[in-house]
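Numbering (the numbering used here), first residue to last: 74 to 144. All C-beta atoms, glycine included, are put in the ideal place defined by N, C-alpha and C. Just so you know, these numbers come straight off a predicted model, no measurement behind them. Single-structure report; data block below.
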């Protein structure tokens, strides 16, 4: 579920801004890191801000990604 949500966010970033920005904000490696570690640990503040704004615009639950998997 987390990986699906992250991929949806990446797709929205690509459509709203550009594919290059989407890959910069959320690379495939970072998707794996966020799934395991949570966005608070894996992402920088500017990445979280862009993802939070995009999630809000598209009605996606960014808060579900904050904590590490299993907590």
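Looking only at C-alpha atoms, which of the options sits nearest to residue i?
i, options, result
"residue 89", "119, 77, 124", "124"
"residue 55", "75, 79, 74", "Here the chain covers residues 74 to 144 and nothing more, so residue 55 does not appear."
"residue 85", "109, 141, 143, 129", "129"
Should residue i be labelled buried (16 or more other beta-carbon atoms within 10 Å of its own) or exposed?
i, result
"residue 82", "buried"
"residue 115", "buried"
"residue 142", "exposed"
Which value, in whole angstroms, describes the spacing of the CA atoms of residue i and residue j?
i, j, result
"residue 131", "residue 117", "21 Å"
"residue 122", "residue 112", "11 Å"
Assuming residue i is part of the alpha helix (DSSP H), what are its boundary residues?
i, result
"residue 92", "92–98"
"residue 142", "Run containing residue 142: none; DSSP gives neither H nor E here."
"residue 129", "118–131"
> Touch check for the region 133–140 and the region 89–98: three-plus C-beta pairs under 8 Å?
Replying inline: no
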